[in-house]
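Below is one structure, written out as structure tokens; comments come after it.
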Amino acid sequence: MLSKGEKTLIRRMEREDVDVMVTWPPYEDPLLADYSFPQFTHGERDVWYGIKNSGLKKCFTVLTMTGEVIGYISLRNVNIFSKKAEMGIVFSPKYVDAGYGRDAITAFLNYYFDGMKYKKLVLRVAAFNRRAYRCYLACGFKYVDKSYMKVNIKKSDIPKDEDFKRDKVFIKRGDNIKALFYRMEIST
Numbered sequence: 220m221l222s223k224g225e226k227t228l229i230r231r232m233e234r235e236d237v238d239v240m241v242t243w244p245p246y247e248d249p250l251l252a253d254y255s256f257p258q259f260t261h262g263e264r265d266v267w268y269g270i271k272n273s274g275l276k277k278c279f280t281v282l283t284m285t286g287e288v289i290g291y292i293s294l295r296n297v298n299i300f301s302k303k304a305e306m307g308i309v310f311s312p313k314y315v316d317a318g319y320g321r322d323a324i325t326a327f328l329n330y331y332f333d334g335m336k337y338k339k340l341v342l343r344v345a346a347f348n349r350r351a352y353r354c355y356l357a358c359g360f361k362y363v364d365k366s367y368m369k370v371n372i373k374k375s376d377i378p379k380d381e382d383f384k385r386d387k388v389f390i391k392r393g394d395n396i397k398a399l400f401y402r403m404e405i406s407t
């Protein structure tokens, strides 16, 4: 184990973990559908695992204290010279909104800063994913800036939320829907 929280364990991802991840149920919320783990074939799982753990990328598995695979944390754009990387995190929908994400991120940050000796970690979070944004703030990440990114969301799936309208969380550009994303970072 690389790190341990109160509810979670963090270790380097193993190929067999991907076989568990494909069994996770999809997210029911259409805004979160892209966070559902794909139903890869065995060969596609091999390729995905290889891509996620090669070059300037690293993947870590999040487990419960009983060893159940419940999520993963990825690092991309790893810069060994400036000691900086960009984080992504995905959880099984069964473990969302139950404190596992915050616990796993906190445990991972301890390993990232103390074990890996890195100095800065950045991430991007969709503005519509308020729960995740609040989680990152609670873990010590700070808002840096914002930008729009193309998303695979249908116009009919966008809620008629007044806050979304006021904050321009979604914009339409031609046939594309773009969502507002916040860039956040934490450093030593």
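Under this note's numbering, read the sequence shown as residues 220 to 407, first letter to last.
Glycine is no exception: its CB is placed at the ideal position from the N, C-alpha and C atoms.
All figures in this text were calculated on a predicted structure; none of them were measured in a lab.
- The shortest C-alpha to C-alpha distance from residue 346 to any of 366, 359 and 264 is the one to 366.
- With a contact defined as Cβ atoms closer than 8 Å, residue 332 and residue 404 miss out at about 13 Å.
- According to DSSP, residue pairing for residue 369 in a beta bridge involves 397.
- An exposed status is given to residue 301, since fewer than 16 other beta-carbon atoms sit within 10 Å of its beta-carbon.
- Counting along the chain, the unbroken alpha helix (DSSP H) around residue 355 starts and ends at 349-357.
- Rounded to whole angstroms, the separation of the alpha carbons of residue 343 and residue 402 is 5 Å.
- The Cβ-Cβ distance between residue 294 and residue 228 does not fall below 8 Å.
- Taking every protein chain shown into account, the CB of residue 340 has 16 or more other CB atoms within 10 angstroms, so this residue is buried.
- For residue 328, the enclosing alpha helix (DSSP H) begins and ends at 319-329.
- Where residue 239 is concerned, the enclosing alpha helix (DSSP H) starts and stops at 234-240.
- DSSP lists 227 as the beta-bridge partner residues of residue 283.
- Linking residue 232 to residue 351 through their CA atoms gives a straight-line distance of about 22 Å.
- Partner residues in the beta bridge of residue 364, as assigned by DSSP, are 402.
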